[in-house]
Amino acid sequence: MLPFDDVAADLASVGGKGASLAKLARAGLPVPGGFHITTGAYRAFVAPFRDEIDPGDPEGVAALFARHEIPAAVAGEIERAYAELGADVPVAVRSSATAEDLPQMSFAGQQDTYLGIRGDALLEAVKSCWASLWNPRAIAYRDHNHVPHDDVALAVVVQRLVDADASGIMFTADPVTGDRGTTVINASWGLGEAIVGGQVTPDTITVSGGAVTTATTADKTVMTVRTPTGTEERPVPDELRRAPVLTPGKAAELTALGARVQELYGVPMDVEWAMRNGAFAILQARPITGLQPPVEEWNDSRKGDYLWTAGNFGEAIPDVMTPITWSFVRMFIHEAMSGSATPGLDMVGNIGGRFYMNLTPMYSLIKTLRLKSLSGPLEDVFGKIPPGLDVPRVKLLRWEFFRQGVPAAIRVRLRVRRHLKGMRAFLATARGRCEELRAAVAACGSASELADLYERQIQPYAVTSWRMLEAGGRQGGTALLLTRSKLRKMMGDLDAEAMLTGVNAAGDLASMGLVVGLSRLARGEIGREEFARTYGHRGPHEFEVSIPRPGEDPGWIDAQLAGLRDLRTGTEALLARQEQAKEAAWARFAARHPGKVAGMRERVRRWGEVVRDRESTRSEAVRAFWALRAFVVRAGELTGYGDDLFYLYLEELPALLRGDRAALERVPVRRATYERYAALPPYPALIIGHFDPVRWAAAPDRRADLYDARGHTIPVSDTVTGFPGAPGVVEGIARVLAGPEEGDRLKPGEILVTTLTNVGWTPMFPRAAAVVTDLGAPLSHASIVARELGIPAVVGTGNATMRLHDGDRIRVDGAHGTVELLNGTVELLT
């Protein structure tokens, strides 16, 4: 026997439950008195028949235990320890196994407990507890958790039974959400067995910040009460059935006790409690098993009722971002979109780890300045707004806009002009500079040396790359947006799109790089090393620095080459066919508008120049992320913390490299947050107001096109329509892909249907008869590449993946932006 609070009462001697109660008692928490019957007593009892115990025959084991008596010396010690508690004191006799109440396994309810035991019944109750180590549920639980039967022994806790007015269970963290800031209390009348056994629905109370936040009072029909011979179930008196068990004050008091228990153990706890005459007692405490790890909330949608879009940059950054990537992306946006800032409003946001842009300032500006004509060009960049959607707006004062906006616009214009002067020279040396920096990173021999290299060379290189993207994207002004609209009015969709192709005629359109480069590699014109150096920075996850670039991943290159083998039409043939379509369209233009050919050719030439510069600078802006990835990976190698560093923010990483490890404490929480968000499906293309990704993902009626927290409902369209991404009509089998990693499922001649595509998807385009996406706009990379290859495309439908299914036979009309379901689903191709 051991006293309840004995320092020798450890896991091996008194089991998990006993060790926990001893710890609570030593800490001065209100634990009812009692004593431990150690595992030594159990082993002394089973020693004569240990070899006869057969885990495969629980009934035989029970009979075996019943036939044997507790050794006299052991029984005497038990009786003496019981007598010290008082004369004929009712006690709880509880099993306490050595594999029990552990952080990974609770073993809750696997062995037996007996309540209201008195006098001579104690020894039989102890023997029954010992026998319960071999009941079917305990054996099955150990088998499931790979706990060897020979390794376990059973202690018994004998504890004064609290004749409870009320009792229950308290979780010091929300066991469903994992929220460490919330305590959840279940409470019912009488002893706790009615709750544990599931005979009663208890009250549920949540406490946060020291105050009750929610309280649900149940209809409590049954209560467990003490009787002279043990316990029994009785009906709850009518006046108590629907009465709350705990007042807010008592709930807060109990929560404070729970906080003391959690502080003692250092982890969230599952606590059994009882209350008698207003005083609480702690009956048992174990770590909460299966609790979700603590997480942060990455959610800028809380900042206001704004319209957020995943279009445009969200297509280029489709993944849940690690913290270090989000740091780099914020810096990228600051440099590449310096003129987009609106005082007091965030133009970009992180919603559940994904990149979104705030369109509310832009639409508010259009309304304030009455520039309705810009709505169309804005949709060409960011995608369509569903008809009937009331876009939330913020109040912008015209005079305030001019006071702040005009000087800012002038500054941006001067900055763009300055950077344009150096753009050609930058593009000529950017690839070599990236290779030099990656080599310098690899050569760094110390963490502090790497920190200096980042600050002196890597960051300035990245900033310059991003500023050049701003210059390249802004140099054409509105020409990039308006030329296409003008041509469509003059010639119709089909001819207009054909006349705008040929941007890659000289082979220098960066968006076509992966497609052309893979074709050259397949023909043996270049080797793998040259492909990796030239094109290896582009890919479906090119902004996320925790993911290897294609140039680092031979398996990715192999998969893309495999996809080129069975093409009916190669990339070069597609380009040649589109060149013929372009010349035929120009001939029709000359016949219809003979006096405008020279002017329009110059305008289209300028269009192509702007598109090439925009795509070239974007490509080099992305290449900078390869250098940044190399920096973070090397930092992990030099510090020994590996991929933990992807979960730091940029301001924390140089500090770590110089010896400050404080930020590493947050890594487990951030990693858990990242994994929680990454496990969810892609969020809606458009979000209005506060959006909870976890709740949205759990909703059976969730929509992939729109989430409106205001409760406004716009029906999902029955038709699949979007932007005419590239003209042409084709019929075929729809292949719905969740991500580029499923690209091998797309067979030549099938129609690619997916949420979004970016440059990393374009190697699949020569295989596709057409492309249909939920996200996208005419100026997206996918649209440009599809037009160059002459592949019909409908982009920005919002609902294609909701309305179309794998194997559907569909007709895609790229000129009119429509997709038609023909005759249902056909047998899937494998």
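Under this note's numbering, the first residue of the sequence shown carries the number 292, and numbering increases by one thereafter.
Here a beta-carbon is modelled for each residue, glycine too, at the ideal position from N, C-alpha and C.
Tell me, please, whether the segment 504 to 524 touches the segment 595 to 610 by the rule of three or more beta-carbon pairs shorter than 8 Å.
The segment 504 to 524, when compared against the segment 595 to 610, does not touch it at the 8 Å Cβ threshold.
Rounded to the nearest angstrom, what separates M560 and T473 at their Cα positions?
Going from the Cα of M560 to the Cα of T473 covers about 12 Å.
According to DSSP, is D1099 part of a helix, a strand, or is it coil?
Looking at D1099 - three-state DSSP - the assignment turns out to be strand.
Taking only the alpha-carbon atoms, compute the straight-line gap between I676 and V639 and give it to the nearest angstrom.
Rounded to whole angstroms, the separation of the alpha carbons of V639 and I676 is 18 Å.
Using only CA atoms, which one of T329, S387 and A378 lies nearest to G307?
Out of T329, S387 and A378, S387 has the C-alpha closest to the C-alpha of G307.
Assign I749 to buried or exposed, taking buried as 16 or more other Cβ atoms, counted over all protein chains shown, within 10 Å of its Cβ.
Buried is the call here.
Taking the alpha carbon of G351 as the point to measure from, which residue in P427, D379 and G325 has its own alpha carbon closest?
The shortest Cα separation from G351 among P427, D379 and G325 belongs to P427.
Measure the C-alpha to C-alpha separation of V924 and P959 and round it to an integer number of angstroms.
Answer to the nearest angstrom: the Cα atoms are 18 Å apart.
In chain order, what residues of the same chain lie with their CB nearer than 7 Å to the CB of R961, ignoring the 5 residues before and after it?
Cβ within range, chain order: E587, P614 and Y938.
Hey, A607 and N1049: beta-carbon distance below 7 Å or not?
Contact: yes.
Extent of the continuous beta strand (DSSP E) run through G640
Membership of G640 in the beta strand (DSSP E) is indicated by the continuous run V639 to I642.
Distance, I496 Cα to R1026 Cα
Taken atom to atom, the span from the alpha-carbon of R1026 to that of I496 is near 49 Å.
Please classify T1012 as buried or exposed, where buried requires at least 16 other C-beta atoms within 10 Å of its C-beta.
Counting Cβ neighbours within 10 Å, T1012 comes out buried, since at least 16 surround it.
Can you find the residues in the same chain that come closer than 7 Å, C-beta to C-beta, to L452, ignoring five residues on each side of it along the sequence?
Result list for L452: P381, V382, A383, L406, G407 and R517, in chain order.
Can you tell me where the beta strand (DSSP E) holding D999 begins and where it ends?
Here the beta strand (DSSP E) through D999 covers L997 to D999.
Between which two residues does the alpha helix (DSSP H) containing A316 stretch?
Residues L302 to R317.
Whole-number beta carbon distance between I476 and L555, since they are thought to touch under 8 Å:
Contact between L555 and I476 is ruled out by a C-beta separation of about 19 Å, above the 8 Å threshold.
By Cβ distance, which residues of its chain are closer than 8 Å to E835, with the 5 residues on each side in sequence left out?
Only residues of its own chain outside the window of five on either side were considered, and among them I608, D610, M612, T613 and T616 have a CB closer than 8 Å to the CB of E835, listed in chain order.
Just list the residues that DSSP pairs K731 with in beta bridges.
According to the sequence as given, residue 731 is Ala; it is not Lys. Bridge partners of A731 according to DSSP: none are assigned.
As a quick exercise: from H832, V322, I657 and Q869, pick the residue whose alpha carbon is nearest that of M790.
Comparing Cα positions, the closest option is Q869.
State the DSSP-derived secondary structure class of V443, mapped to helix, strand or coil.
DSSP, read as helix, strand or coil, puts V443 in coil.
For A354, which of S423, D411, F673 and H884 has the nearest alpha-carbon?
It is S423 whose Cα lies nearest to the Cα of A354.
Residues bridged to A1017 (per DSSP):
Per DSSP, A1084.
Whole runs of the alpha helix (DSSP H) within the segment 422 to 495, excluding any shorter than 4 residues
Every unbroken stretch of the alpha helix (DSSP H) spanning 4 or more residues and falling wholly within the segment 422 to 495 is given here in chain order: 427 to 435 and 484 to 487.
Below 7 Å between beta carbons: does that hold for Q402 and P323?
Taking 7 Å as the Cβ cut-off, Q402 and P323 do not qualify as a contacting pair.
How far does the beta strand (DSSP E) with D561 in it extend, from its first residue to its last?
Counting along the chain, the beta strand (DSSP E) containing D561 begins and ends at M560 to R567.
L812 - containing alpha helix (DSSP H), residue span:
Where L812 is concerned, the enclosing alpha helix (DSSP H) stretches over G804 to A813.
C-beta atoms of A310 and L302 nearer than 7 Å:
The answer is yes: Cβ separation under 7 Å.
When the Cα of K712 is compared with those of G674, A576 and R758, which residue comes out closest?
When each option's Cα is compared against that of K712, the closest is R758.
Quick one: Cα of A970 to Cα of S910, how far?
Rounded to whole angstroms, A970 to S910 spans 29 Å at the Cα level.
If I follow the unbroken alpha helix (DSSP H) through F571, where does it start and stop?
Careful: F571 lies outside any alpha helix (DSSP H), inside the beta strand (DSSP E) at A570 to P578.
Could you tell me which uninterrupted alpha helix (DSSP H) segments, each at least 4 residues in length, are contained entirely in the segment 815 to 879, listed from first to last along the chain?
Runs found: 819 to 826 and 845 to 854.
Whose CA, out of A366, V417, D470 and E928, lies closest to the CA of S737?
Among A366, V417, D470 and E928, the Cα nearest to that of S737 belongs to E928.
Should P578 go down as buried or exposed, given a rule of 16 or more other Cβ atoms within 10 Å for buried?
So P578 counts as buried.
What separation, rounded to the nearest whole angstrom, lies between the Cα atoms of A988 and P972?
The C-alpha of P972 is placed about 7 Å away from the C-alpha of A988.
Counted within 10 angstroms of its Cβ, other Cβ atoms place F340 as buried (16 or more) or exposed
By the neighbour-count rule (16 or more Cβ atoms within 10 Å), F340 is not buried but exposed.
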